[in-house]
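A.B. asks:
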Amino acid sequence: MGSIILYTVLSLSALAAISAVVLHFVAQKFRVYEDPRIDEVEHTLPGANCGGCGFAGCRNFAEALVKAETLDGLNCPVGGESVMKEVARILGKEAGAQVPMVAVVRCNGTPEYRPRTNVYDGVKSCAVAHLLYTGEGGCPTGCLGYGDCVDVCQFDAIHMDPETGLPVVTDDKCTACGACVKACPRNIIELRKKNKKDRKIYIACVNQEKGAICIKNCKVSCIACGKCVKVCPFDAITMENNLAYIDAEKCRLCRKCAPECPTHAILEINFPPPKAAETTEAKEQSA
Amino acid sequence: MLRTFKKGGIHPEENKLTAGKKIRVLPVPEMVHLPVIQHLGMPARPLVKKGDKVKTGQLIAEADGFVSANVHSPVSGTVSKVDLMMDAGGYRKMTISIQTEGDEWMEEIDRTPQHKPDINLQPEEILKKIAAAGIVGMGGATFPTHVKLTIPRGRKAESVIINGVECEPFLTSDHALMLEKGPEIFTGIKILMKVLGVNQAFVGIEANKPDAIKLFRDLAMRHIGISVVPLRVKYPQGGEKQLIKAVTGREVPSGKLPIDVGTVVVNVGTTYAIYEAVQKNKPLIERVVTVTGKQLPNAGNFLVRIGTPIEKLIEAAGGLPQNTGKVLYGGPMMGKALPSTDIPAGKGCSGILVMPLEESRRREMKVCIRCAKCVQACPMGLEPYLLMAMSERRYFDRMENERVMDCIECGSCSYICPSDRPLLDYIRLGKSEVNKIIRSRK
Numbered sequence: 001m002g003s004i005i006l007y008t009v010l011s012l013s014a015l016a017a018i019s020a021v022v023l024h025f026v027a028q029k030f031r032v033y034e035d036p037r038i039d040e041v042e043h044t045l046p047g048a049n050c051g052g053c054g055f056a057g058c059r060n061f062a063e064a065l066v067k068a069e070t071l072d073g074l075n076c077p078v079g080g081e082s083v084m085k086e087v088a089r090i091l092g093k094e095a096g097a098q099v100p101m102v103a104v105v106r107c108n109g110t111p112e113y114r115p116r117t118n119v120y121d122g123v124k125s126c127a128v129a130h131l132l133y134t135g136e137g138g139c140p141t142g143c144l145g146y147g148d149c150v151d152v153c154q155f156d157a158i159h160m161d162p163e164t165g166l167p168v169v170t171d172d173k174c175t176a177c178g179a180c181v182k183a184c185p186r187n188i189i190e191l192r193k194k195n196k197k198d199r200k201i202y203i204a205c206v207n208q209e210k211g212a213i214c215i216k217n218c219k220v221s222c223i224a225c226g227k228c229v230k231v232c233p234f235d236a237i238t239m240e241n242n243l244a245y246i247d248a249e250k251c252r253l254c255r256k257c258a259p260e261c262p263t264h265a266i267l268e269i270n271f272p273p274p275k276a277a278e279t280t281e282a283k284e285q286s287a
Numbered sequence: 001m002l003r004t005f006k007k008g009g010i011h012p013e014e015n016k017l018t019a020g021k022k023i024r025v026l027p028v029p030e031m032v033h034l035p036v037i038q039h040l041g042m043p044a045r046p047l048v049k050k051g052d053k054v055k056t057g058q059l060i061a062e063a064d065g066f067v068s069a070n071v072h073s074p075v076s077g078t079v080s081k082v083d084l085m086m087d088a089g090g091y092r093k094m095t096i097s098i099q100t101e102g103d104e105w106m107e108e109i110d111r112t113p114q115h116k117p118d119i120n121l122q123p124e125e126i127l128k129k130i131a132a133a134g135i136v137g138m139g140g141a142t143f144p145t146h147v148k149l150t151i152p153r154g155r156k157a158e159s160v161i162i163n164g165v166e167c168e169p170f171l172t173s174d175h176a177l178m179l180e181k182g183p184e185i186f187t188g189i190k191i192l193m194k195v196l197g198v199n200q201a202f203v204g205i206e207a208n209k210p211d212a213i214k215l216f217r218d219l220a221m222r223h224i225g226i227s228v229v230p231l232r233v234k235y236p237q238g239g240e241k242q243l244i245k246a247v248t249g250r251e252v253p254s255g256k257l258p259i260d261v262g263t264v265v266v267n268v269g270t271t272y273a274i275y276e277a278v279q280k281n282k283p284l285i286e287r288v289v290t291v292t293g294k295q296l297p298n299a300g301n302f303l304v305r306i307g308t309p310i311e312k313l314i315e316a317a318g319g320l321p322q323n324t325g326k327v328l329y330g331g332p333m334m335g336k337a338l339p340s341t342d343i344p345a346g347k348g349c350s351g352i353l354v355m356p357l358e359e360s361r362r363r364e365m366k367v368c369i370r371c372a373k374c375v376q377a378c379p380m381g382l383e384p385y386l387l388m389a390m391s392e393r394r395y396f397d398r399m400e401n402e403r404v405m406d407c408i409e410c411g412s413c414s415y416i417c418p419s420d421r422p423l424l425d426y427i428r429l430g431k432s433e434v435n436k437i438i439r440s441r442k
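Protein chains in written order, with this note's numbering: chain A, 1 to 287; chain B, 1 to 442.
#1: For Gln295/B versus Asn323/B, is the C-beta distance shorter than 9 angstroms?
#2: I'd like to check one pair, Cys184/A with Cys214/A: are the Cβ atoms closer than 9 angstroms?
#3: Assign Leu26/B to buried or exposed, taking buried as 16 or more other Cβ atoms, counted over all protein chains shown, within 10 Å of its Cβ.
#4: Using the three-state DSSP reduction, which class does Met106/B fall into: helix, strand or coil?
#5: So, helix, strand or coil for Asn163/B, using DSSP?
#6: Indicate whether Val265/B and Asn163/B have their beta-carbon atoms separated by less than 9 angstroms.
#7: Mind listing, in chain order, the continuous beta strand (DSSP E) runs of no fewer than 3 residues lying wholly within the region 69-155 of chain B?
#8: Under the rule that 16 or more other beta-carbon atoms within 10 Å means buried, what is His11/B, buried or exposed?
#9: Measuring only the C-alpha atoms, how far is Thr292/B from His175/B?
#10: Under 9 angstroms, do Gly134/B and Asn199/B count as touching if we go by C-beta distance?
#11: Closest Cβ-Cβ distance between Lys283/A and chain B: below 9 angstroms?
#12: Count the other CB atoms within 10 Å of the CB of Gln122/B; is the residue buried (16 or more) or exposed (fewer)?
#13: Return no unless some Cβ of chain A is closer than 9 angstroms to the Cβ of Gly335/B.
#14: Among Lys55/B, Ala246/B, Phe66/B and Leu34/B, which one has its Cα closest to the Cα of Ala132/B?
#15: Determine the burial state of Ala17/A: buried for a count of at least 16 other Cβ atoms within 10 Å of its Cβ, exposed for fewer.
#16: Mapping the DSSP letters down to three states, classify Val203/B as helix, strand or coil.
#17: Between which two residues does the alpha helix (DSSP H) carrying Tyr272/B extend?
#18: Would DSSP call His175/B helix, strand or coil?
#19: When DSSP builds the beta bridges, which residues end up paired with Gly351/B?
#20: Measure the CB-CB distance between Gly300/B and Gly330/B and report whether it falls below 9 angstroms.
#21: If you draw a straight line from the C-alpha of Leu253/A to the C-alpha of Ser80/B, how long is it?
#22: Under a three-way DSSP split, which group does Glu433/B fall into?
#23: Excluding the 5 residues flanking Glu276/B on each side, which residues of the same chain have their C-beta closer than 7 angstroms to its C-beta?
#24: Quick check on the DSSP output: the beta strand (DSSP E) that includes Ile60/B runs from which residue to which?
#25: Closer than 8 angstroms by beta-carbon distance: list the chain A residues that pair up with Gly90/B, in chain order.
#26: Mapping DSSP to helix, strand and coil, what is Thr322/A?
#27: Between which two residues does the alpha helix (DSSP H) harbouring Gly466/B extend?
#28: Below 8 angstroms on C-beta distance, what does Gly145/A contact in chain B?
#29: Could you spell out the range, first to last residue, of the beta strand (DSSP E) harbouring His33/B?
#30: With a CB to CB cut of under 6 angstroms and the five nearest residues on each side skipped, what residues in its chain are close to Ala277/A?
#31: Along the region 418-430 of chain B, what residues have a CB closer than 9 angstroms to any CB found in chain A?
#32: DSSP three-state label for Ile188/A, please.
#33: Please return the same chain residues whose Cβ sits closer than 8 angstroms to the Cβ of Met31/B, not counting the five positions on each side in sequence.
#34: Touch check for the region 1-9 of chain B and the region 239-247 of chain B: three-plus C-beta pairs under 8 angstroms?
#35: List the endpoints of the continuous beta strand (DSSP E) containing Val304/B.
#36: Quick check on DSSP: helix, strand or coil for Val152/A?
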C-alpha cells in the first residue's frame, strides 16, 4: 500500500521535473516580444471598444498607437484630449490636434410637421423598416423613429423624445464615437464640430427630392430655394442635389441664414434668443 | 399519392374566395401611372415626354440593357407627367402618367378574340418578340422573361415547367385564367417549347383546382409532350425550386439556377402573355388581378390595364370597407402592405387583398422557445431562428455561411412561429446586408 503511494509521488514528480525543463526551453525559444507600452496605453484608453477611432477595439488602437511614427490623425474620440495627452506622455510623442465633435440629428420631422400617414406594426427596428418602405410619414429620407441609434449608443448619450418621436443627443455625454452614424440606415446623423457653449446651426433635413414634393410630406424640409446660400457671408453653405449643407468648418455661427429659411429647416440650438432688430419678422411685428 | 416537394412547407388556410369567378373586364381608367421599373434589373428609359400623344400598346419606355424590360402604354391618351411617383414601397420612382382619351390601339395589334394556334416564327424571332413585348414573370418576381428564356452557353434545357400552382392563399387570378384561356395557354406552352428546343412540358397544378386539372388534362390529350401534374396542396409550391422538386424530383443546388438541372419554369399568366405577344402582337398591357378580402362585397378576378391605380380596383370590388387594417399588394404570405391606394398595379401584381383591422395586426413578439417549427417549415432547409438571432446581433458575415441568400422569403417561418417572432423581417435585413458584403467583394 505504502509503496504504491511512494511510486506515484515519485513518478509524478519526475514527470513534473522533466516538463518544467522542457517548458523552460520552449518558452525561451518561442518567446514573442510584446512592447510593454501596449498594455500601458491600453489601460489609459477608456476601454469602451466602441470603434470610434476606426480600429476594432481599444487593444487594437493601442497597438497602432505604439507602432505609429506620429500621433497625427490617431484620436480617441471618447477619451478626448486628456487621454491622448497621457498616451503621448507614455510614448514620448506629441499628441495630434483633436477637434471635439458631436453627433447631430438632421431631421426635424415631428408628427406636427410631418403628419403620419400610416401605422407600422412590424419589427421596431429602423434597419428593417427602411428595407420595407418609407415609414409612417411620407418622407423617404426622414427619421423612422425606432431607435437603432439609441440601441447602439454605449454612452447613454442619445434618447428618443416620446413627444417628437425623434432622437435627441445629450451633448455632454456624446463622445462622437460614430456608432449611431453607422447604425442609422438613412444617414441622418452626422458628426459635426463642437462649438462654444454647444451652439449648433445646421440644416435639419437630408431629403434630396424636389422642393414641391418634399414640402408635401414635411413642412420643415429643405426645399432647395437657395436663400441661405445667397445670404451666407462665409461661403459655408453649399447646395447639392436639392439640399443645402452648412460646412461646420467654414461656418462662423453668424445666424444670418436661419431667419431666411422659408421652411425653418435650419435649426439654431443653444443660442440666446435673437435680438428684436435682427429678424425681419420681429420688425414687422413691432411696426 | 400526389407529388409535392419534400423539405418543409406549410398549409395556411386557403381562403380562395374568388375561385371559379369569371374574369371581369375593368373599364379603362381615366389615368394610369407606369413606373419605368416594374421588373428586376435596370429601369427602362422613358421615350415620351409631357404632352405626347400615345396609343394603346405603344412603346413608352425602352429596356436599358439586357436585364431590363420595355414598358408600353396600356391606354391611349396624353402623357400628363414624367416624374417621380410613389411605388408600392412608398419610395419615389420615375413614373410615366397618362391621361386617357378614348381607346385607340396600335394597328398591328390583333384584337380579334379568335384563337391562333399556328406558330410560324423561328425561335430567335419569337424571343425577340417576347423581349419587345416587355414580358416579365407575372407570378410576382417580375424577372424579364426573355432573359430567362435565353439559355446560357453550355447548358441545355430538357423540359419546361408551367407554374399553375398558385399556392398563395386568397389568390385565384391564375386559376381563372387557366379556366378561361386554356387553349391559348397551350399555344403559349408550344411557343415556349419551340424557343427552348425542348419536347417535354409539365403543367404543375395544385389539387385544390380540380376543374383546371380536368380541363388541362383534356387539352393535353391533343398535344404531344405536354403533361399535367396534379400536386398536393402545400405552400410554397409555387416557388421555382420547390416546383421543380415536386414535378421532376430534381433539386436545384444552393446558389444555382433551374437551368442547371435542365428546367425552365414559367408562370401560366406569363405563358398567356407570351401567346398574346407572339400570336397577336399584343405587348404586356393587361393582366388578371384578384381583388379579394373577406369583407369585400364584390370580390373577383379582374382583367386590368397595367398602371391602374389600386383604388379603382378596390372600387370595382365594392369599395374599401370601414374597418380595413391593411391593403396588401399580392397575397397574404408574400404580399406587401401598401402605404397608399394611389399606387398603380404593376406587371407583377397578381392580387390585392383587403384585410380587416383585427386580422391584420401583428401579435406581440415573445421569446424563442426552441421548438424548431421554423426549421421544419423552411422549404429551403435553413434555420430561421438562427438567422434571426444573427441578424439581430448584426453577425452578417456568419449569416452568409448559413446560406441566408437561399431564402426565398416565402414567410413560412414567420407564419408557423408559435411565439410570433418576425423571423422573415430579420432574415430579409440579413439578406440585404449580406448582399452588400458580396457586392463589395467584386
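Built from N, CA and C at the ideal position, the CB exists for glycine as well.
C.D. replies: Taking the definition as stated:
#1: Translated into positions along the second sequence, residue 295/B becomes position 295. Translated into positions along the second sequence, residue 323/B becomes position 323. It is a contact, given that the beta carbons lie within the stated cut-off.
#2: In the first sequence, counting from the first residue as 1, residue 214/A sits at position 214. In the first sequence, counting from the first residue as 1, residue 184/A sits at position 184. No, the Cβ-Cβ distance between Cys214/A and Cys184/A is not below 9 angstroms.
#3: Here residue 26/B refers to the residue found at position 26 of the second sequence. It counts as buried.
#4: Residue mapping note: residue 106/B aligns to position 106 of the second sequence, counting from 1. The answer is coil: DSSP assigns Met106/B none of H, G, I, E or B.
#5: Along the second sequence, one-based indexing puts residue 163/B at 163. Three-state result, Asn163/B: strand.
#6: Taking the second sequence and counting its residues from 1, one reaches residue 265/B at position 265. Taking the second sequence and counting its residues from 1, one reaches residue 163/B at position 163. Yes, the Cβ-Cβ distance between Val265/B and Asn163/B is below 9 angstroms.
#7: 77-86 and 92-100
#8: Translated into the one-based positions of the second sequence, residue 11/B becomes position 11. When all chains shown are included, His11/B counts as exposed.
#9: Position 292 of the second sequence, counted from the start, is the residue given in the question as residue 292/B. Position 175 of the second sequence, counted from the start, is the residue given in the question as residue 175/B. If you take the alpha carbons of Thr292/B and His175/B, they lie about 14 angstroms apart.
#10: Reading the second sequence from its first residue, position 134 is the one you call residue 134/B. Reading the second sequence from its first residue, position 199 is the one you call residue 199/B. Not closer than 9 angstroms, so no.
#11: Here residue 283/A is taken as the residue at index 283 of the first sequence, counted from 1. Note that Lys283/A has pLDDT 45, beneath the 50 cutoff, so the model's placement of it is unreliable and the number below is only indicative. Not an interface residue.
#12: Translated into positions along the second sequence, residue 122/B becomes position 122. Exposed, by the Cβ-count rule.
#13: As a working note, residue 335/B is residue 335 in the second sequence. Gly335/B does not count as touching chain A.
#14: As a position in the second sequence, residue 132/B is number 132, starting the count at 1. For Ala132/B, the nearest C-alpha among the options comes from Phe66/B.
#15: Taking the first sequence and counting its residues from 1, the one referred to as residue 17/A is at position 17. When all chains shown are included, Ala17/A counts as exposed.
#16: Your numbering for residue 203/B matches position 203 in the second sequence. Strand at Val203/B.
#17: For the purposes of this step, residue 272/B is taken as the residue at position 272 of the second sequence. First-last of the alpha helix (DSSP H) with Tyr272/B: Val268 to Lys280.
#18: Working through the second sequence from its first residue, we reach residue 175/B at position 175. It is helical.
#19: In the second sequence, residue 351/B corresponds to position 351, counting from 1. Paired residues: Thr290/B.
#20: Stepping through the second sequence from its first residue, residue 300/B is reached at position 300. Stepping through the second sequence from its first residue, residue 330/B is reached at position 330. Contact flag unset, no.
#21: Numbered from 1 along the first sequence, position 253 holds the residue referred to as residue 253/A. Numbered from 1 along the second sequence, position 80 holds the residue referred to as residue 80/B. About 45 angstroms.
#22: In the second sequence, residue 433/B corresponds to position 433, counting from 1. Glu433/B falls in the helix class under three-state DSSP.
#23: Within the second sequence, residue 276/B is the residue found at index 276, counting from 1. So the qualifying residues of the chain are Lys282.
#24: Sequence index remark: in the second sequence, residue 60/B carries index 60 (1-based). Looking at the DSSP string, the run of the beta strand (DSSP E) that includes Ile60/B is Leu59 to Glu62.
#25: As a first step, residue 90/B is located in the second sequence; it is residue number 90 there, counting from the start. Near Gly90/B (Cβ distances below 8 angstroms), the residues of chain A are Tyr133, Thr134, Gly135, Gly138 and Pro140.
#26: Chain A is shown only over 1 to 287; residue 322/A falls outside these bounds and no answer can be derived.
#27: Because chain B here runs from 1 to 442, residue 466/B falls outside it and cannot be looked at.
#28: On the first sequence, position 145 is the one that residue 145/A refers to. Per Cβ cutoff of 8 angstroms: no residues; Gly145/A is ~15 angstroms from chain B at best.
#29: Taking the second sequence and counting its residues from 1, the one referred to as residue 33/B is at position 33. Per DSSP, His33/B belongs to the beta strand (DSSP E) from Met31 to Pro35.
#30: Within the first sequence, numbered from 1, the residue matching residue 277/A stands at position 277. Below a pLDDT of 50, predicted positions are generally treated as unreliable, and Ala277/A, at 46, falls in that range; no measurement from the model is reported.
#31: Pro422, Asp425, Tyr426, Arg428 and Leu429
#32: Residue 188/A sits at position 188 when you count from the first residue of the first sequence. Three-state DSSP puts Ile188/A in coil, outside helix and strand.
#33: By one-based count along the second sequence, residue 31/B stands at place 31. Closer than 8 angstroms at the Cβ level, and outside the excluded window around Met31/B, lie Ser80, Ser97, Ile98, Gln99, Thr100 and Pro309.
#34: yes
#35: As a working note, residue 304/B is residue 304 in the second sequence. Run containing Val304/B: Gly300 to Arg305, per the beta strand (DSSP E) assignment.
#36: Counting from one through the first sequence, the residue named residue 152/A turns up at place 152. Helix, per DSSP.
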